[in-house]
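J.: Going by the numbering used here, the first residue of the sequence shown is number 33, and it counts up by one from there.
Idealized CB from N, CA, C, for every residue including glycine.
On a predicted model such as this, the values are computed, not experimentally measured, just so you know.
Supplied in structure tokens, the structure appears directly below.
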Amino acid sequence: MIKKYTLLALISGVLSGFGSYLYGSLYQELTVIDYSGFIPPSSIFISCFVGCILASAGHALFVKFLPKIGDIIFGFLFAIISFISILGVFKATLPENDDESFYYLIYGFAIPMHFFPIVVWNTIKPIFIRK
Numbered sequence: 033m034i035k036k037y038t039l040l041a042l043i044s045g046v047l048s049g050f051g052s053y054l055y056g057s058l059y060q061e062l063t064v065i066d067y068s069g070f071i072p073p074s075s076i077f078i079s080c081f082v083g084c085i086l087a088s089a090g091h092a093l094f095v096k097f098l099p100k101i102g103d104i105i106f107g108f109l110f111a112i113i114s115f116i117s118i119l120g121v122f123k124a125t126l127p128e129n130d131d132e133s134f135y136y137l138i139y140g141f142a143i144p145m146h147f148f149p150i151v152v153w154n155t156i157k158p159i160f161i162r163k
């Protein structure tokens with residue numbers, strides 16, 4: 033079982049990190065603004081990767097200690113944590129910029145990436161974890 037959770041963590045982490053990186057690259061290209069000074073691409077990838085590792089470990093623990101409802105409780109907690117993590121974007125100190133649209137664009141850049149780990153992890157979980 034540990035092997036399945038490890039594979040799930042590693043594969044979902046790489047896929048969500050890569051997806052976030054692609055999204056970020058495409059967004060920067062389309063908006064013609066370089067966000068790498070504010071949010072480095074390496075931190076985007078690493079945060080997605082770590083998020084999926086923590087998700088796999090958390091799911092394993094919930095299912096082990098709460099076999100009947102652990103999967104449901106974990107699903108709710110993962111979703112709630114993903115939404116709460118968005119608050120960090122709003123609390124971040126943004127660089128000074130005269131163009132007001134920059135602030136709206138940076139939210140559009142950062143917020144969707146918070147959902148890549150939960151989407152990818154839940155999408156490939158049935159391949160590794162079956163009831």
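Below 8 Å on the Cβ atoms is my guess for G146 versus S114; work out the distance and round it to an integer in Å.
T.: Position 114 of the sequence shown, counting from 1, holds the residue named residue 146. Position 82 of the sequence shown, counting from 1, holds the residue named residue 114. According to the sequence shown, residue 146 is His rather than Gly. 6 Å between Cβ atoms; contact.
J.: Going by Cα to Cα distance, which pick from L119, I71 and K100 is closest to Y53?
T.: Translated into positions along the sequence shown, residue 53 becomes position 21. The option with the nearest alpha carbon to Y53 is I71.
J.: Please go through the same chain and pick out, in chain order, the residues whose beta-carbon is closer than 6 Å to the beta-carbon of G83, but skip the five residues on each side of it.
T.: On the sequence shown, residue 83 is found 51 positions in, with the first residue counted as 1. Correct list, in chain order: P149.
J.: Considering Cα atoms alone, identify which of G49, I159, P144 and D131 is closest to I85.
T.: The residue you call residue 85 lines up with position 53 of the sequence shown. Among G49, I159, P144 and D131, the Cα nearest to that of I85 belongs to G49.
J.: Which complete alpha helix (DSSP H) runs does the stretch 74-138 hold, if anything under 4 residues is left out?
T.: The qualifying runs are 102-116 and 119-123.
J.: Going along the chain, which residues of its own chain have a beta-carbon closer than 6 Å to the beta-carbon of Y59, five neighbours each way excluded?
T.: Position 27 of the sequence shown, counted from the first residue, corresponds to residue 59. So the list reads F141, once near-sequence residues are dropped.
J.: Report yes if the C-beta distance between F94 and F106 is below 7 Å; otherwise report no.
T.: Start at 1 with the first residue of the sequence shown, and residue 94 comes out as number 62. Start at 1 with the first residue of the sequence shown, and residue 106 comes out as number 74. Contact flag set, yes.
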